[in-house]
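This report refers to the structure that appears directly beneath it.
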Amino acid sequence: MNKIAVLGSGLLGGSIALAAQSRMQGVAVVLWGRREDSIREAKELGITYATTDLGDAVSEADMIILATPVGAMLQILDSVSKIKSLKDIIITDVGSVKLTPRDTLEAVAQAAGACYIGSHPMAGSEQAGIHAARANLFMGAACVITND
1 MNKIAVLGSG
11 LLGGSIALAA
21 QSRMQGVAVV
31 LWGRREDSIR
41 EAKELGITYA
51 TTDLGDAVSE
61 ADMIILATPV
71 GAMLQILDSV
81 SKIKSLKDII
91 ITDVGSVKLT
101 PRDTLEAVAQ
111 AAGACYIGSH
121 PMAGSEQAGI
131 HAARANLFMG
141 AACVITND
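Mind the numbering: the sequence shown is residues 1 to 148 in my numbering, read in order.
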């Protein structure tokens, strides 16, 4: 694996980016967010590569992690599929609701030749947003894999 794109710059996305960046030496980890202020905060937290440019974020990515609100995931994945071929890409998400997103995201991913693996990490915080992200958020936490 050469590059992971984490799409969504909130608590979970920021924490995934921090954890992957610290533990996966030699793998480029990029965090994408819509708002410039959250990207600025991500960089202040130590996330080396953060951007508002979706094309830049997913360029050459081997894995895409959807860490946006569940209602935005399909639109984001659709946008990504117009920018980049998803063939042989691993796609997962951290959404808390699974049935409809899983079926829809899986259908889009499979049609594009990608491998979709639905997941739900059992981690979080009473705080929200990139400023609450931390590399150890997932330490000791279970993660439910939701595919059939």
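Idealized CB from N, CA, C, for every residue including glycine.
- In the structure shown, serine 119 falls within a strand segment according to DSSP collapsed to helix, strand and coil.
- Residues Gly14, Leu18, Ile130, His131, Ala133 of the same chain have their beta carbon placed closer than 8 Å to that of leucine 45, with the five preceding and five following residues left out of the count.
- The alpha carbon of glycine 95 has as its nearest neighbour, out of Ile145, Asp88, Val58, Ser79, the alpha carbon of Ile145.
- The segment 29-60 is shown to contain whole beta strand (DSSP E) runs of 3 or more residues at 49-51, in chain order.
- According to DSSP, aspartate 78 shares a beta bridge with no other residue.
- In terms of Cβ geometry, alanine 112 and leucine 86 form a close pair [threshold 7 Å].
- The beta carbons of isoleucine 91 and isoleucine 47 sit no closer together than 7 Å.
- Ranked by Cα distance from proline 121, the first of Ala114, Phe138, Ala107 is Phe138.
- Comparing alpha-carbon positions, the option among Ala109, Leu54, Ile89 lying closest to tryptophan 32 turns out to be Leu54.
- Under the 10 Å beta carbon count, glutamine 110 is surrounded by fewer than 16 other beta carbons and is classified as exposed.
- Non-local C-beta neighbours of serine 79 in its own chain, meaning closer than 7 Å and more than five positions away in sequence, comprise Leu54, ordered along the chain.
- Alanine 5 is bridged by DSSP to Val30, Ile64.
- If you compare the alpha carbons of Ala5, Ala135, Ala67 with that of serine 119, the shortest gap goes to Ala67.
- When beta bridges are read from the DSSP output, aspartate 93 appears opposite Leu66, Gly118.
- Only exposed fits aspartate 88, as fewer than 16 other CB atoms lie within 10 angstroms of its CB.
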